[in-house]
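Chemist: So the sequences go chain by chain: A and B.
Counting from 437, one number per residue, gives the positions in the first sequence under our numbering.
Counting from 386, one number per residue, gives the positions in the second sequence under our numbering.
Where a beta carbon is used, it is the ideal one built from N, C-alpha and C, also for glycine.
In this text the structure is predicted, and so the values were computed from the model without any measurement.
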Amino acid sequence: MIALIRLALLGFVALTVLYVLVWLYARSLRRERLEQRWEAKGRHGDRAAYVRRGMQQYERSLRRRLLWLVYIIPAMLVVTIVYLLNFT
Amino acid sequence: MMRYVKWTLWLLAATLIVATLHYNLPQHDIVRIVNTENRRVDFGENAFFWASPDVGSATAETRDVFFIQTVRPNGRPIVYRNEDTAWGWPPYFKIGSHNLQARASNLTSTAADPVWVAMRHYGWRNEFLTIFPNAISLREVEGPEVRIFPWLSLTILATLALIGLMLRQMLRRFRRRTIDPVLDEMGDRADRARDRAREAKGGFRAWLDTWRGKPRR
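1. Please identify the residue among Ala439(A), Ala450(A) and Arg469(A) whose C-alpha is closest to the C-alpha of Gly490(A).
2. Does the region 408-424 of chain B come within contact of the region 537-549 of chain B, defined as at least 3 CB pairs closer than 8 angstroms?
3. What's the gap between the Cα of Ala489(B) and the Cα of Leu513(A)?
4. Quick check on the burial criterion: 16 or more other C-beta atoms within 10 angstroms. Buried or exposed for Val440(B)?
5. Can you tell me whether DSSP reads Tyr507(B) as helix, strand or coil?
6. Assign His480(A) to buried or exposed, taking buried as 16 or more other Cβ atoms, counted over all protein chains shown, within 10 Å of its Cβ.
7. Which residues, in order along the region 544-573 of chain B, keep a beta-carbon less than 7 angstroms from a beta-carbon of chain A?
8. Counting only Cβ pairs nearer than 8 angstroms, list the residues of chain B close to Ile517(A).
9. Of the residues that make up the region 401-419 of chain B, which ones have a beta carbon closer than 7 angstroms to any beta carbon in chain A?
10. What is the DSSP secondary structure of Ser538(B), reduced to helix, strand or coil?
11. I'd like to check one pair, Gly473(B) with Ala436(B): are the Cβ atoms closer than 8 angstroms?
12. Compile a chain-ordered list of the residues in the region 504-527 of chain B whose CB is closer than 9 angstroms to at least one CB of chain A.
13. Does the contact criterion of 3 or more C-beta pairs under 8 angstroms hold for the region 510-520 of chain B versus the region 538-552 of chain B?
14. Can you tell me whether Ala520(B) is helix, strand or coil according to DSSP?
15. Counting only beta-carbon separations shorter than 8 angstroms, does Ala471(B) have a partner in chain A?
16. Can you check whether the C-beta of Gly481(B) is within less than 8 angstroms of a C-beta belonging to chain A?
17. Using the beta-carbon count (16 or more within 10 Å), is His471(B) buried or exposed?
18. Spell out the partners DSSP gives Ile438(A) in its beta bridges.
19. For Phe589(B), count the other beta carbons within 10 Å of its own beta carbon; 16 or more makes it buried, fewer makes it exposed. Which is it?
20. With DSSP as the reference, label His407(B) as helix, strand or coil.
21. Check whether chain B comes within 8 angstroms of Ala439(A), counting only Cβ atoms and requiring the distance to be less than that.
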């Protein structure tokens, strides 16, 4: 039981590190795309405000929520491996 | 000199990575099982190459380990251990070593009437350390010439490569979008400071020059 708890804790820590990295990366991608779109649209209005509005929309988007897959996929993978290897 | 040191270190790192992958990734052998047994093992220098006790059991200095003794199609023997990896490394999450042992015993055969099985395993056999590959799963196959394509290993390698590329991409992006602007700003500031210093110095020189008399005739 101790070993399982240790695996869960270590896994959680490792996946949290990965989650933060992917989160920062995805946000950076979105920010750059917003900056480019602002330029392409003819630079109307305040650049910072445009980007900020776009980022607020991004925070509510499905794409942002899909980041939770960083936790979900490995957990599903472990369950699948345990089943396939030991019970089929 | 430094170049050789650098290359040696790179070579060592590469060897370590390849060895780790080769040890931990699954491989298939086509073998004929000749015996299965259960033997007590006292772990010594080779303790690193043994997995964990059965899941839920106590950890001890010595314990009984299942072994599966087999012969390859070329007649040479290969002996596997059959241990739970449980929740430890490598992450096969194998908790059914007792069931696997029963299935291996069930498929025991003689040379006269062979039954061939594909043994999926990880690890190495080394006589100098007395270490054995750990059997993960087995299934019956038609004959000794069956070839099994290593889908699983290739998938794992591809995934690892993908993660590596992704990390590299993230690092590059971080450098371009976060570190470079700061460095540029610092560079600009340094340039401006230098200009100002030069100007100031120029001003001081000019002021000094005002004390010099005009060249005498």
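Modeler: Taking the coordinates as given:
1. Reading the first sequence from its first residue, position 54 is the one you call residue 490(A). Distance from the Cα of Gly490(A) is smallest, within the candidate group Ala439(A), Ala450(A) and Arg469(A), for Arg469(A).
2. As far as the Cβ criterion goes, the region 408-424 of chain B touches the region 537-549 of chain B, which means the pair count is three or higher.
3. Here residue 489(B) refers to the residue found at position 104 of the second sequence. Here residue 513(A) refers to the residue found at position 77 of the first sequence. Computed Cα separation, rounded: 27 angstroms.
4. Translated into the one-based positions of the second sequence, residue 440(B) becomes position 55. Per the 10 Å Cβ criterion, buried.
5. The residue given as residue 507(B) occupies position 122 in the second sequence. The answer is strand: DSSP assigns Tyr507(B) an E or B state.
6. Working through the first sequence from its first residue, we reach residue 480(A) at position 44. Burial is judged here by how many other beta carbons sit within 10 angstroms of a residue's own beta carbon; His480(A) has fewer than 16 and is exposed.
7. Identification of residues in the region 544-573 of chain B having a C-beta nearer than 7 angstroms to some C-beta of chain A yields Met555, Arg558 and Arg562, given in sequence order.
8. Translated into positions along the first sequence, residue 517(A) becomes position 81. Among the residues of chain B, those whose CB is under 8 angstroms from the CB of Ile517(A) are Pro476, Tyr477 and Phe478, following chain order.
9. For the region 401-419 of chain B, the set of positions with a beta-carbon nearer than 7 angstroms to some beta-carbon of chain A is empty.
10. One-based indexing of the second sequence puts residue 538(B) at position 153. In the three-state DSSP reduction, Ser538(B) falls in the helix class (H, G or I).
11. Taking the first residue of the second sequence as 1, we reach residue 436(B) at position 51. Taking the first residue of the second sequence as 1, we reach residue 473(B) at position 88. Contact: yes.
12. Within the region 504-527 of chain B, contact with chain A at the beta-carbon level (separation under 9 angstroms) is assigned to Ile521 and Ser522.
13. Verdict: no, contact absent.
14. Position 135 of the second sequence holds residue 520(B). In this structure, DSSP gives Ala520(B) an extended state, which the three-state scheme calls strand.
15. For this step, residue 471(B) is matched to residue 86 along the second sequence. Cβ-Cβ to chain A under 8 angstroms: yes for Ala471(B).
16. As a position in the second sequence, residue 481(B) is number 96, starting the count at 1. Contact of Gly481(B) with chain A is assigned, a C-beta pair being separated by under 8 angstroms.
17. Here residue 471(B) refers to the residue found at position 86 of the second sequence. In the sequence as presented, His is not what sits at residue 471(B); that position holds Ala. Buried, because 16 or more other Cβ atoms sit within 10 Å of the Cβ of Ala471(B).
18. Locating residue 438(A) in the first sequence gives position 2, counting from the first residue. None; Ile438(A) has no bridge partner.
19. Reading the second sequence from its first residue, position 204 is the one you call residue 589(B). Around the beta carbon of Phe589(B), fewer than 16 other beta carbons sit within 10 angstroms, so the residue counts as exposed.
20. Counting from one through the second sequence, the residue named residue 407(B) turns up at place 22. In this structure, DSSP gives His407(B) a helical state, which the three-state scheme calls helix.
21. Numbered from its first residue, the first sequence carries residue 439(A) at position 3. Yes, Ala439(A) lies at the interface with chain B (some Cβ there is under 8 angstroms from its Cβ).
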